[in-house]
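Take a look at the structure below.
In this note's numbering, the protein residues as written are 36 to 145.
As structure tokens, then:
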């Protein structure tokens, strides 16, 4: 984990790359999603990145095209509130696909 002198956003990216397997450059699907929700990568809660990654892996394993409209059928965006402005995904009224990232990363904002 980071040092106590690390800036707060260090922890966000620590989870982002290590735990969720997000890599640079972002996939086209990730870019399309960020453009659709008009957010920077750091404005999206780590759990939401988990949903994005899991959906991509599922589509790849099943041999189907990764589709933003299909993803958005299962998830809806909750806009973040100040001071952090972190937005998050939650299951749509029809329910989400994955329960693994339903539990929130604790204290990632500190």
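All C-beta atoms in this analysis are idealised placements derived from N, C-alpha and C, irrespective of residue type, glycine included.
Quick caveat, the model's predicted, so the values are computed rather than measured.
From residue i to residue j, what does the alpha carbon distance come to, in whole angstroms?
i           : j           : result
residue 78  : residue 89  : 19 Å
residue 93  : residue 116 : 31 Å
residue 145 : residue 95  : With a pLDDT of 46 at residue 145, under the threshold of 50, the modelled position of that residue is not reliable, and the figure given next carries that caveat. Approximately 34 Å between the Cα atoms of the pair.
residue 114 : residue 121 : 7 Å
residue 67  : residue 76  : 12 Å
residue 55  : residue 99  : 21 Å
residue 97  : residue 87  : 16 Å
residue 58  : residue 106 : 20 Å
Under the rule that 16 or more other beta-carbon atoms within 10 Å means buried, what is residue i, buried or exposed?
i           : result
residue 52  : exposed
residue 108 : exposed
residue 83  : buried
residue 85  : buried
residue 104 : exposed
What residues match up with residue i in a beta bridge as DSSP calls it?
i           : result
residue 97  : In the DSSP output, where bridge partners are listed per residue, residue 97 has none listed.
residue 126 : 110
Assuming residue i contacts residue j (C-beta within less than 8 Å), just tell me the rounded distance between them.
i           : j           : result
residue 91  : residue 64  : 6 Å
residue 111 : residue 125 : 6 Å
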